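Engineer: Protein sequence lines, in the order shown, are assigned to chains H and S.
Be aware that the first sequence starts at 182, since it is given in the numbering used here, and climbs by one per residue.
Be aware that the second sequence starts at 182, since it is given in the numbering used here, and climbs by one per residue.
Glycine is no exception: its CB is placed at the ideal position from the N, C-alpha and C atoms.
Bear in mind the structure is a predicted one, so any value in this text is a computation, not a measurement.
Have a look at the structure that comes next, please.
Protein chains: 2
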Amino acid sequence: MQGQALPGFRDFYPEELALRNHIFTTWRDVARRYGFQEYDGPPLEPLELYTDKSGEEIVQQLYTFQDKGEREVALRPEMTPTLARMVGARAQALKKPIRWFSIPQLFRYERQQRGRLREHFQLNMDVIGEAGPAADAEIMAAVIDIARACGLTSTDVRLRVSDRRILVNELKDRHAVADGEMLGVLSALDKWGDEPALTERRLQRALGDSPERRGSVTAFLGLLAKEDSATVERLLGAPAAEPLRECRTRLDAMGLGDFVTVDFRIVRGLAYYTGIVFELFDAQRSLRAICGGGRYDTLIQEIAGVDLPCVGFGMGDVVLGELLKERGKHAEAPSRVDAFLIAVGAEDVAPVLKLAHELRDRGVAVEYALRDAPIRKQLELAVARGAPRAVIVGPDERKAKVAVVRDLKSGRQRKVALTQVRKGVFK
Amino acid sequence: MQGQALPGFRDFYPEELALRNHIFTTWRDVARRYGFQEYDGPPLEPLELYTDKSGEEIVQQLYTFQDKGEREVALRPEMTPTLARMVGARAQALKKPIRWFSIPQLFRYERQQRGRLREHFQLNMDVIGEAGPAADAEIMAAVIDIARACGLTSTDVRLRVSDRRILVNELKDRHAVADGEMLGVLSALDKWGDEPALTERRLQRALGDSPERRGSVTAFLGLLAKEDSATVERLLGAPAAEPLRECRTRLDAMGLGDFVTVDFRIVRGLAYYTGIVFELFDAQRSLRAICGGGRYDTLIQEIAGVDLPCVGFGMGDVVLGELLKERGKHAEAPSRVDAFLIAVGAEDVAPVLKLAHELRDRGVAVEYALRDAPIRKQLELAVARGAPRAVIVGPDERKAKVAVVRDLKSGRQRKVALTQVRKGVFK
């Protein structure tokens, strides 16, 4: 006998699915308002779609196997390679900029940590074929508007934004960090604060036998980590900060500036992003990032051989769902039915079926008992289903061409003409 | 470089996803009207969920492998075992009858035939915990109403219904078929007409050295196969046909009788169904079945150890999608945006961003160019996006507190007060 899902996989009972659908509906609605079109790809892909170009971490965590046709295949751990493949295959025909979104389920085999999932759903939104900062701002605005559409305000969440090009210039010019050392230094910044020993080791490995440069880089990164405002302002004045300044100007014009903080600690996947990067956090940073994204101008070239700049983000259902539950911002599950129909006797069943079908044809959600039962039992089921009202049909009512409509909260009931009830008018 | 999805897997470009979403939306809407709640489970499940109780054919076609934790796992080939597991785990707490639906993606490795897919999406609707024929009728009504909600009529599709119990009684009583021979005889009926040689072999294997019984059974099955009305009516008069008669009465009361044909050739999975079975076909039977289902009263007992009778069906997205395209009943992809905003000069960009955001906040779908371009270029993009109108903002318009609204079909344009445009009123 089978009792459980695999560890790290979720069963969605109707309560949980109601929250998931609430999140999906919000995602789709914001994407629609921004003129994005939905696409999807296969959850199973050729393994080499990931082994060549994705980060090492992802490949180690793949669900991968050989299918019955001896192809090496993998459950998708992320959507972007599929997106790159699909866009690459029709790169000529698709009108740029491409505005696409998708809500794939993604899979990673992580060593099980407490409650860590091995699957999640992730909204992917991307603008493809536009290199300028207006596209970055558009994507960031969509992130913020999703939070707003969920009922979250600028006191609930913050979009933390950086541009690695600013840091790279600064580290080169002021701290004599060479190109070959750059990734090591940035990966040290990525762990700053959370894992000091790891940070230290990474800096040492990156900069080697140069205690002077290590000292100067450490001091600089320390200022960034504590969000030192003078340092942030100085960096924002640099020529390399022009795209980031433009983004802020545009987000201000949209009225969304309150949600945005420049935070140079945001580094993200080094093998992947090429410009502006951002993450959405709850204001207290008590949860993991709700969303992360940025500009990745070389990936489609690498996967599909077509030169198309991109900016986009991924937003999972898990952290967002936790935050919404924590803040009480998840929608109440709507009532399952608008009316529960009750047949008093056996000869009332056919008229009730007819009425049920007329109402359903009008879009009214209707249920009724599927076996003969006393009225009391039928009313109990109506209440258990959360129906707001019962519509009772008996021989007397049929003769008088009415139905008894009973409010299941107050218990009050009244007769309503059948011609009205048939139209879904219950009073 | 990666060009293609795995054979048998689909990329859903926006046009294809629009049809898929149209089908999903219709499924969800009918399920809602019938008071069904949505659930979902993992696409990856323990292998033994399928090996024990599913049909042999399914197990041979599983996508199965060992995960990094050395568990034997499989991509789900059908939803019912997951449903049985989930219902079994909460059998006490769930109020019966349970009315649940789900839209899982399912996976089968079939030897590639022309265009045969290895994945599809399938609506599953089930009533659990009610053994009477009212539940069967309710499920069949939902099938018919999905067809109707797709714009199909009783001249487009037919629900073909049988009840194996009627046949079993008849074969026992009139043709001396023993219990041990029954499955063989029914499986012969299943291939009747399509594969005469296979039918013949199956009958021979089932009934062995008894040319007399083979003759009588063959004659009987032949009458069923040609839908001989006297035979059908006689069988419908038998005591064992009471549930099927009751279903027809109820479907007639709902006004859906026109869609229903009794067809004793409908056999379906022998290891699975225990009573009424049905399939929905296009009226010409030029396509495979759109949907199949029936009563399966023992499966939850076998999988989860809880005695709960069930009736339900599965309806895939592929055959239904083909039929809708063939009949021109698929929804046109809706316009991507309601308005395309155009900034005349650089100083109009900020006001356009503000207006775009105000409109999106009201639920209006808005797009605009993401780089500076001449008005002509911006209008071209607006047309390419299928926007019904462009809203043009320049210095003169801003001074006069208006915008120029241009109808992109007729080319006519007029000035509209900004206070109106901001509210999404474009005339």
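Out of H:505, H:490, H:392 and H:386, state which residue places its alpha-carbon closest to the alpha-carbon of residue 455 (chain H).
Structural biologist: Here residue 455 (chain H) corresponds to residue number 274 of the first sequence, with the count starting at 1. Residue H:490 is the option with its Cα nearest to residue 455 (chain H).
Engineer: Which of the three DSSP states, helix, strand or coil, is assigned to residue 475 (chain H)?
Structural biologist: Taking the first sequence and counting its residues from 1, the one referred to as residue 475 (chain H) is at position 294. DSSP places residue 475 (chain H) in strand when its eight states are reduced to three.
Engineer: Note down the Cα distance separating residue 449 (chain H) from residue 367 (chain H), rounded to an integer number of angstroms.
Structural biologist: Taking the first residue of the first sequence as position 1, residue 449 (chain H) is located at position 268. Taking the first residue of the first sequence as position 1, residue 367 (chain H) is located at position 186. About 9 Å.
Engineer: Could you tell me the distance, in whole angstroms, from the CA atom of residue 372 (chain S) to the CA atom of residue 246 (chain S)?
Structural biologist: Position 191 of the second sequence, counted from the start, is the residue given in the question as residue 372 (chain S). Position 65 of the second sequence, counted from the start, is the residue given in the question as residue 246 (chain S). The alpha-carbon atoms of residue 372 (chain S) and residue 246 (chain S) are separated by roughly 33 Å.
Engineer: Say whether the segment 491–507 of chain S touches the segment 313–323 of chain S, bearing in mind that this needs 3 or more beta-carbon pairs closer than 8 Å, one atom from each stretch.
Structural biologist: With the cut-off at 8 Å, the segment 491–507 of chain S and the segment 313–323 of chain S touch.
Engineer: Pull out every residue of the segment 182–198 of chain H whose Cβ sits closer than 8 Å to any Cβ of chain S, in chain order.
Structural biologist: Listed in sequence order: 182, 183, 184, 185, 186, 187, 188, 190, 191, 192, 193, 194, 195 and 198.
Engineer: Just mark residue 374 (chain S) as buried or exposed, buried being the case when its beta carbon has 16 or more other beta carbons within 10 Å.
Structural biologist: By 1-based counting over the second sequence, the position of residue 374 (chain S) is 193. That one is exposed.
Engineer: Could you say if the segment 265–284 of chain H and the segment 211–229 of chain H meet the contact criterion of at least three C-beta pairs nearer than 8 Å?
Structural biologist: They touch, by the three-pair rule.
Engineer: Check whether the Cβ atoms of residue 184 (chain S) and residue 487 (chain S) lie closer than 8 Å to each other.
Structural biologist: Along the second sequence, read from residue 1 onward, the residue named residue 184 (chain S) stands at position 3. Along the second sequence, read from residue 1 onward, the residue named residue 487 (chain S) stands at position 306. No, they are not a contact pair.
Engineer: Can you give me the C-alpha to C-alpha distance between residue 393 (chain S) and residue 262 (chain S), rounded to a whole angstrom?
Structural biologist: Residue numbering aside, residue 393 (chain S) sits at position 212 when the second sequence is read from its first letter. Residue numbering aside, residue 262 (chain S) sits at position 81 when the second sequence is read from its first letter. Between residue 393 (chain S) and residue 262 (chain S), the C-alpha separation is close to 42 Å.
Engineer: DSSP has residue 227 (chain S) in a bridge; who is on the other side?
Structural biologist: Looking up residue 227 (chain S) in the second sequence gives position 46. Answer is S:254, bridged to residue 227 (chain S).
Engineer: If contact means a Cβ-Cβ distance below 8 Å, which residues of the segment 552–580 of chain H contact chain S?
Structural biologist: Answer set for the segment 552–580 of chain H: 552, 562, 565 and 566.
Engineer: Whose Cβ in chain S lies nearer than 7 Å to the Cβ of residue 248 (chain H)?
Structural biologist: For the purposes of this step, residue 248 (chain H) is taken as residue 67 along the first sequence, with counting starting at 1. The contacting residues are 244 and 290.
Engineer: Taking the alpha carbon of residue 395 (chain S) as the reference point, which residue from S:226, S:406 and S:383 has its own alpha carbon closest?
Structural biologist: As a first step, residue 395 (chain S) is located in the second sequence; it is residue number 214 there, counting from the start. Taking only the C-alpha atoms, the option nearest residue 395 (chain S) is S:383.
Engineer: Is it the case that the Cβ atoms of residue 574 (chain H) and residue 525 (chain H) are separated by a distance below 8 Å?
Structural biologist: Reading the first sequence from its first residue, position 393 is the one you call residue 574 (chain H). Reading the first sequence from its first residue, position 344 is the one you call residue 525 (chain H). Result yes, Cβ atoms of residue 574 (chain H) and residue 525 (chain H) sit closer than 8 Å.
Engineer: Candidates S:232, S:248 and S:225: which alpha carbon is nearest residue 241 (chain S)'s?
Structural biologist: Working through the second sequence from its first residue, we reach residue 241 (chain S) at position 60. Cα-wise, what sits closest to residue 241 (chain S) is S:232.
Engineer: For a test of the three-state rule: what should DSSP assign to residue 448 (chain H), helix, strand or coil?
Structural biologist: On the first sequence, residue 448 (chain H) is found 267 positions in, with the first residue counted as 1. Coil.
Engineer: Would residue 490 (chain H) pass as an interface residue toward chain S - the criterion being a Cβ-Cβ separation below 8 Å?
Structural biologist: As a first step, residue 490 (chain H) is located in the first sequence; it is residue number 309 there, counting from the start. For residue 490 (chain H), the answer is no, since every Cβ of chain S falls outside 8 Å of its Cβ.
Engineer: In the DSSP assignment, the beta strand (DSSP E) including residue 493 (chain H) goes from what residue to what residue?
Structural biologist: In the first sequence, counting from the first residue as 1, residue 493 (chain H) sits at position 312. Start and end: 491–497.
Engineer: Mind the definition here: the segment 187–195 of chain H touches the segment 502–509 of chain H only if three or more C-beta pairs lie below 8 Å; say whether that holds.
Structural biologist: Contact fails: fewer than three Cβ-Cβ distances are below 8 Å.
Engineer: Is residue 609 (chain S) buried or exposed, if buried means 16 or more other CB atoms sit within 10 Å of its CB?
Structural biologist: Past the boundaries of the shown model lies residue 609 (chain S); chain S is included only from 182 to 608, so the question cannot be answered.
Engineer: May I ask you to report which of helix, strand or coil DSSP gives residue 208 (chain S)?
Structural biologist: For the purposes of this step, residue 208 (chain S) is identified with residue 27 of the second sequence, where counting begins at 1. The answer is helix: DSSP assigns residue 208 (chain S) an H, G or I state.
Engineer: How long is the line joining the alpha carbons of residue 338 (chain S) and residue 362 (chain S), rounded to whole angstroms?
Structural biologist: Translated into the one-based positions of the second sequence, residue 338 (chain S) becomes position 157. Translated into the one-based positions of the second sequence, residue 362 (chain S) becomes position 181. Residue 338 (chain S) and residue 362 (chain S): Cα-Cα distance of roughly 34 Å.
Engineer: Could you check which residue in S:230, S:504, S:329 and S:426 has the C-alpha nearest to that of residue 208 (chain S)?
Structural biologist: By 1-based counting over the second sequence, the position of residue 208 (chain S) is 27. Nearest of S:230, S:504, S:329 and S:426 to residue 208 (chain S), Cα basis: S:329.
Engineer: Counting only Cβ pairs nearer than 9 Å, list the residues of chain H close to residue 260 (chain S).
Structural biologist: In the second sequence, residue 260 (chain S) corresponds to position 79, counting from 1. Result: empty, since nearest Cβ-Cβ is about 12 Å, beyond 9 Å.
Engineer: Mind listing which residues of the segment 301–314 of chain H have their C-beta closer than 8 Å to chain S's C-betas, in chain order?
Structural biologist: Within the segment 301–314 of chain H, the qualifying residues are 308, 311 and 313.
Engineer: What three-state label does DSSP hand residue 401 (chain S) in the structure shown?
Structural biologist: Here residue 401 (chain S) corresponds to residue number 220 of the second sequence, with the count starting at 1. Reduced to three states, the DSSP call for residue 401 (chain S) is helix.
Engineer: Is the segment 416–436 of chain H touching the segment 339–347 of chain H, taking contact as three or more C-beta pairs under 8 Å?
Structural biologist: Yes: at least three Cβ pairs fall under 8 Å.
Engineer: Could you name the residues of the segment 429–451 of chain S whose beta carbon sits closer than 8 Å to any beta carbon of chain H, in the order they occur along the chain?
Structural biologist: From the segment 429–451 of chain S, only 430, 431, 434, 435, 436 and 437 have a Cβ closer than 8 Å to chain H.
Engineer: At least one CB of chain H closer than 8 Å to the CB of residue 215 (chain S): is that the case?
Structural biologist: For this step, residue 215 (chain S) is matched to residue 34 along the second sequence. For residue 215 (chain S), the answer is yes, since a Cβ of chain H falls inside 8 Å of its Cβ.
Engineer: Would you list, in chain order, the members of the segment 496–518 of chain S that have their beta-carbon closer than 8 Å to a beta-carbon of chain H?
Structural biologist: Listed by position along the chain: 517 and 518.
Engineer: State whether the segment 248–255 of chain S contacts the segment 306–315 of chain S, with contact taken as three or more CB pairs (one from each stretch) at a distance under 8 Å.
Structural biologist: The answer is no - the segment 306–315 of chain S does not touch the segment 248–255 of chain S, with fewer than three Cβ pairs under 8 Å.
Engineer: Between which residues of its own chain and residue 517 (chain H) is the CB-CB distance below 8 Å, once the five residues before and five after are set aside?
Structural biologist: As a first step, residue 517 (chain H) is located in the first sequence; it is residue number 336 there, counting from the start. Hits under 8 Å: 546, 548, 566, 567 and 568.
Engineer: Taking a contact to mean a Cβ-Cβ separation below 8 Å, would you say residue 529 (chain H) touches residue 570 (chain H) in this structure?
Structural biologist: Here residue 529 (chain H) corresponds to residue number 348 of the first sequence, with the count starting at 1. Here residue 570 (chain H) corresponds to residue number 389 of the first sequence, with the count starting at 1. Contact: no.
Engineer: Using the rule of at least 16 other Cβ atoms within 10 Å of the residue's Cβ for burial, across every protein chain shown, is residue 592 (chain H) buried or exposed?
Structural biologist: The sequence position of residue 592 (chain H) within the first sequence is 411, counting from 1. By the neighbour-count rule (16 or more Cβ atoms within 10 Å), residue 592 (chain H) is not buried but exposed.
Engineer: Any beta-carbon of chain C closer than 8 Å to the one on residue 321 (chain H)?
Structural biologist: Absent from the structure is chain C; the protein chains it does hold are H and S.
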